[in-house]
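Q:
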Amino acid sequence: MERMGSSATWGLLGATFTASFVEFVEALTIVLAMGATRSWRSALAGAALAVVALAGFTAVAGYALVNWLPRSALQLGIGTLLLIFGLQWLRKSILRAAGLKALHDEEEEFRAQAEAARRAGEQQRFGLDWFAFVVSFKGTFLEGVEVVFIVITFGLNAHDVPLAAGGAAAAGAVVLAAGAIAHRPLARVPENTLKYVVGLLLSSFGTFWAVEGLGVFQAGGESLRWPGDNWSLLVLLAVWVALSQLLIRAVPAIARAGRPAALASEAS
Amino acid sequence: MSLVRIVGRFWWDFLVGDDWKIAAAVAVTLVAGAFVVASASAAGSWLAPALGAALLTVFVAALVVDVRRR
């Protein structure tokens with residue numbers, strides 16, 4: 193397969209690295225909280241089993257996607273998932289930037305997780321602290337599945353899944369190394385800004401792919417075409433940036449206007 | 007909690023997240039888009055941008071509904 197040009201290569205690496213980095217930081221916070229308050233052995237065992245489960249999930253999903261689905265159906269499925277993730281991230285980023293939602297804080301998240309871990313009862317299974325094991329497994333698997341979808345989407349779109357996987361692996365290595373050195377949540381990472389950027393990327397790719405994939409419903413089942421093909425991704429990104437900036441400025445006024453109606457509906 | 011409920015809860019959290027309105031708006035728009043694509047005799051160059059614009063519009067609508075209830 194022909195390699196992309198160097199700027200596109202760096203773009204793909206940068207996109208998967210950034211998107212995966214945020215997910216790994218969140219997983220690290222959960223594992224650190226369980227390890228520090230309950231049991232390092234159980235927390236690490238949960239995270240390790242999640243990595244094994246993720247490898248299995250990726251192999252099965254990858255086989256199914258490559259062998260069973262036409263390209264347009266694949267675009268529709270993955271594009272829809274990306275669009276829903278991306279818009280959720282974008283919604284939170286807009287509300288945070290507009291002051292309607294507290295900024296995400298890994299130190300605070302760590303404290304909340306640690307407090308929940310202290311309050312949880314003792315239960316031993318298979319020689320492990322079951323609470324620490326399950327919470328670490330769930331956190332790592334949940335964040336990891338998002339990384340898998342990001343790698344598959346960005347990689348397939350650029351016809352270079354191994355390079356996309358490399359970007360995600362590099363992000364995982366950096367976060368793991370930083371976590372091992374610091375032994376505390378990576379609070380200095382500009383996570384809110386990164387989440388906004390990732391939300392924009394996922395929303396743009398998701399819109400592009402989900403719409404192309406709707407072609408599965410036309411005669412012949414071929415993907416729909418955007419004017420300008422892949423160049424329209426840049427236009428979509430610009431439109432999502434402009435719309436989100438507009439919403440950041442508009443939503444405080446919308447919230448103020450809606451407050452009397454919300455209070456009246458609560459009173460009735 | 008049964009295994010089915012745990013798995014169901016996991017996928018609900020994963021797919022729907024904090025605001026079900028966004029997931030619902032995307033799903034309804036794509037289903038409507040599927041009907042449009044299936045019924046159009048030939049997909050013109052306007053179709054993809056029009057569907058993209060519809061997705062942008064429903065996101066704004068879902069966010070405005072969410073914000074007005076805060």
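Read top to bottom, the protein sequences are chains F and H.
So for the first sequence, my numbering puts the first residue at 193; every next one is plus one.
So for the second sequence, my numbering puts the first residue at 7; every next one is plus one.
Glycine included, every Cβ here is placed at the ideal spot set by N, Cα and C.
Here's a check: name, in chain order, each residue in its chain whose Cβ is nearer than 7 Å to the Cβ of P262/F, leaving out the five neighbours to either side.
A: V408 and G413
Q: Could you list which residues in chain F have their beta carbon closer than 9 Å to that of A67/H, in chain order?
A: Ordered by position in chain F, no residue passes the 9 Å Cβ test against A67/H, which lies about 12 Å from the chain.
Q: Based on Cα-Cα distance, which residue from L439/F, Q437/F, S436/F and W401/F lies nearest to N422/F?
A: W401/F
Q: Does any CB atom of chain H fall closer than 9 Å to the CB of G407/F?
A: yes
Q: CA-CA distance, L287/F and V366/F?
A: 29 Å
Q: Can you name the residues of chain H whose CB is closer than 8 Å to the CB of P419/F?
A: S51, A54 and P55
Q: With which residues is L204/F paired in a DSSP beta bridge?
A: Partner(s): none; L204/F has no beta bridge.
Q: Please compile the residues from chain H whose C-beta is within a distance smaller than 7 Å of the C-beta of A306/F.
A: Chain-ordered listing is empty here: chain H has no CB closer than 7 Å to the CB of A306/F, the nearest sitting near 21 Å.
Q: Given a cut-off of 9 Å on the beta-carbon distance, is the pair E301/F and E218/F in contact?
A: yes
Q: Please compile the residues from chain F whose C-beta is within a distance smaller than 9 Å of the C-beta of V32/H.
A: T272, L275, I276, L279, G398 and A402
Q: For a contact meaning CB atoms closer than 9 Å, what does G227/F contact in chain H?
A: Chain H residues near G227/F: none, gap ~22 Å exceeds 9 Å.
Q: Are the region 273-287 of chain F and the region 389-405 of chain F touching by the rule of at least three beta carbon pairs closer than 8 Å?
A: yes
Q: Roughly how many angstroms separate the alpha carbons of F333/F and A40/H, rounded to a whole number?
A: Whole-angstrom Cα-Cα distance: 32 Å.
Q: For the candidate residues G364/F, S234/F and A225/F, whose alpha-carbon lies nearest to that of Q316/F?
A: S234/F
Q: Where does the unbroken alpha helix (DSSP H) through W418/F begin, and where does it stop?
A: Unbroken run through W418/F: none, as it is neither H nor E.
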